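Written out below as structure tokens is the structure these notes cover.
2 protein chains.
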Amino acid sequence: MRHTISVLVENKFGVLARIAGLFSARGFNIDSLAVGETEDPTVSRMTIVLNAEDERILEQIKKQLHKLIDVITVIDLTKKDFFERELVLVKVAFDKSNKEQLEKIIHKFKAETLHKDKDSFIVEATLGHEHIKEFLSALKEFSIKELVRTGKIAIPK
Amino acid sequence: MRHTISVLVENKFGVLARIAGLFSARGFNIDSLAVGETEDPTVSRMTIVLNAEDERILEQIKKQLHKLIDVITVIDLTKKDFFERELVLVKVAFDKSNKEQLEKIIHKFKAETLHKDKDSFIVEATLGHEHIKEFLSALKEFSIKELVRTGKIAIPK
Chain A
1 MRHTISVLVE NKFGVLARIA GLFSARGFNI DSLAVGETED PTVSRMTIVL
51 NAEDERILEQ IKKQLHKLID VITVIDLTKK DFFERELVLV KVAFDKSNKE
101 QLEKIIHKFK AETLHKDKDS FIVEATLGHE HIKEFLSALK EFSIKELVRT
151 GKIAIPK
Chain B
1001 MRHTISVLVE NKFGVLARIA GLFSARGFNI DSLAVGETED PTVSRMTIVL
1051 NAEDERILEQ IKKQLHKLID VITVIDLTKK DFFERELVLV KVAFDKSNKE
1101 QLEKIIHKFK AETLHKDKDS FIVEATLGHE HIKEFLSALK EFSIKELVRT
1151 GKIAIPK
């Protein structure tokens, strides 16, 4: 099952390495991770997305996270009601034959064109999980020159 | 000096822990980190922002990163020309006296209101580094109930 875990940590040296180490020691691969400061610059929030095949091991990891020095709270948002968003930046190449199609996709997903070249656009899109998938799937017929994603962040309703 | 480092890695178990460990072993605190899949699901891109007091040590870390198994490329974007964006989700409380002011800020920064309650909004904004700072600074007069940031991602021009 896919989990979204929000971890509030003291913004101190080594916290990220300890947390990443906890997951990797138990054989968990993290699908995406976003770490940024909160309203308090001494505190950061990590949003971790992962696929747990063994829920019991994930429960153990969450307990161990709680016990870590510098970890303030651990919330598994999976069963909670929350808004989720992800930002993607993508450089897409086009030619005469498919430029219009690309512009339609950009419009449909309310994406923003940051830069226009004669044969490529740099596009920014902020979308929920399902729409990100649809957006990237719609771009599959184009040549993607570069694609950068933030990983998902989430905020409880 | 503030650095933005983009690291392309094989999407394999333990890579994140090894990379985070490299930085923390040298006493570097990471300001923000965003990890997400690229157009190739077996490959992820990490965007790391940090403040390097000792540039020589950062050079050593970049060399060590290059040598890590599962690390494909390491690019320090700091002196390059790139677009940078960050996504922030924020739950802001208001009252009669400052609701209008909040709506002005949302409009000014082209933020989007995801959810409206009688005394709070959940707002999404995707902005460049300087504008994020201005946006969060403008919100300082309000009570912030929750704030989640993705960390910056960047794409070369």
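In order, the protein sequence lines correspond to chains A and B. Read left to right, the first sequence gives residues 1 to 157 (our numbering). Read left to right, the second sequence gives residues 1001 to 1157 (our numbering). All C-beta atoms in this analysis are idealised placements derived from N, C-alpha and C, irrespective of residue type, glycine included. For clarity, every value in this text was computed on a predicted model and none was experimentally measured.
Counting only beta-carbon atoms, is residue i nearer than 8 Å to chain A?
i, result
"B:S1032", "yes"
"B:L1068", "no"
"B:I1144", "yes"
"B:H1157", "Inspection of the sequence shows that residue 1157 of chain B is occupied by Lys rather than by His. It does; some Cβ of chain A falls within 8 Å."
"B:L1087", "yes"
Quickly, what does DSSP pair residue i with across the bridge? List them, please.
i, result
"A:E10", "A:V43"
"A:R56", "For A:R56, which the question treats as bridged, DSSP gives no partner whatsoever."
"A:R149", "A:V88"
"B:V1074", "B:V1007"
"B:I1155", "B:F1083"
"B:I1105", "Note: B:I1105 sits in no beta bridge, so no partner."
"A:I195", "Nothing can be reported for residue 195 of chain A: it is not among the residues displayed for chain A, which extend from 1 to 157."
"A:I61", "None, per the DSSP bridge assignment."
"A:I160", "The displayed coordinates of chain A run from 1 to 157. Any statement about residue 160 of chain A would go beyond what the structure contains."
"A:R2", "A:N51"
Tell me whether residue i is buried or exposed, calling it buried when 16 or more other Cβ atoms sit within 10 Å of its Cβ.
i, result
"B:A1125", "buried"
"A:K152", "buried"
"A:G36", "buried"
"B:N1051", "exposed"
"B:I1132", "buried"
"B:S1024", "buried"
"B:I1057", "exposed"
"A:D31", "buried"
"A:K110", "exposed"
"B:G1014", "buried"
"A:R45", "buried"
"B:R1085", "buried"
"B:K1091", "buried"
"A:R26", "exposed"
"B:R1002", "exposed"
Quick check on residue i - is its C-beta less than 8 Å from some C-beta in chain B?
i, result
"A:N29", "yes"
"A:H107", "no"
"A:F83", "yes"
"A:L147", "yes"
"A:S24", "yes"
"A:F94", "no"
"A:K91", "yes"
"A:A17", "yes"
"A:A154", "yes"
"A:T38", "yes"
Applying a beta-carbon distance threshold of less than 8 Å, which residues of chain D neighbour residue i?
i, result
"B:V1035", "The chain inventory of the structure shown lacks chain D, comprising the protein chains A and B."
Note down, in chain order, each residue of its chain lying with its Cβ closer than 6 Å to the Cβ of residue i, except the 5 sequence neighbours on either side.
i, result
"B:S1006", "T1047, I1075, L1077"
"A:N29", "none"
"B:I1010", "In the sequence as presented, Ile is not what sits at residue 1010 of chain B; that position holds Glu. Taken in chain order, the residues that qualify are D1070."
"A:K62", "V74"
"B:T1038", "R1045"
"A:H66", "V74"
Less than 7 Å between C-beta atoms, sequence neighbours within five positions excluded: which residues of the same chain meet that for residue i?
i, result
"A:I106", "T113, V123"
"B:A1093", "D1119, S1120, F1142, S1143, K1145"
"B:L1064", "Strictly speaking, residue 1064 of chain B in this sequence is Gln, with Leu absent from that position. The answer, listed in chain order, is L1022."
"B:T1150", "A1034, E1086, L1087"
"B:K1016", "Reading off the sequence shown, one finds Leu at residue 1016 of chain B, where the question assumed Lys. Result list for B:L1016: V1035, in chain order."
"B:R1018", "L1068"
What residues in its chain sit with their C-beta under 8 Å from that of residue i, if we drop five residues either side in the sequence?
i, result
"A:F82", "T4, A154, I155, P156, K157"
"B:P1041", "N1011"
"A:N98", "E141, F142"
"B:F1135", "V1088, I1105, F1109, A1111, A1125, L1127"
"B:V1043", "L1008, V1009, E1010, N1011, E1037, I1072"
Of the residues that make up the region 1111 to 1137 of chain B, which ones have a beta carbon closer than 7 Å to any beta carbon in chain A? Legend: CB atoms of the region 1111 to 1137 of chain B lying less than 7 Å from CB atoms of chain A belong to residues L1114, H1115, I1122, E1124, T1126.
Chain-ordered residues of the region 1041 to 1060 of chain B with a beta carbon less than 7 Å from chain A: R1045, T1047
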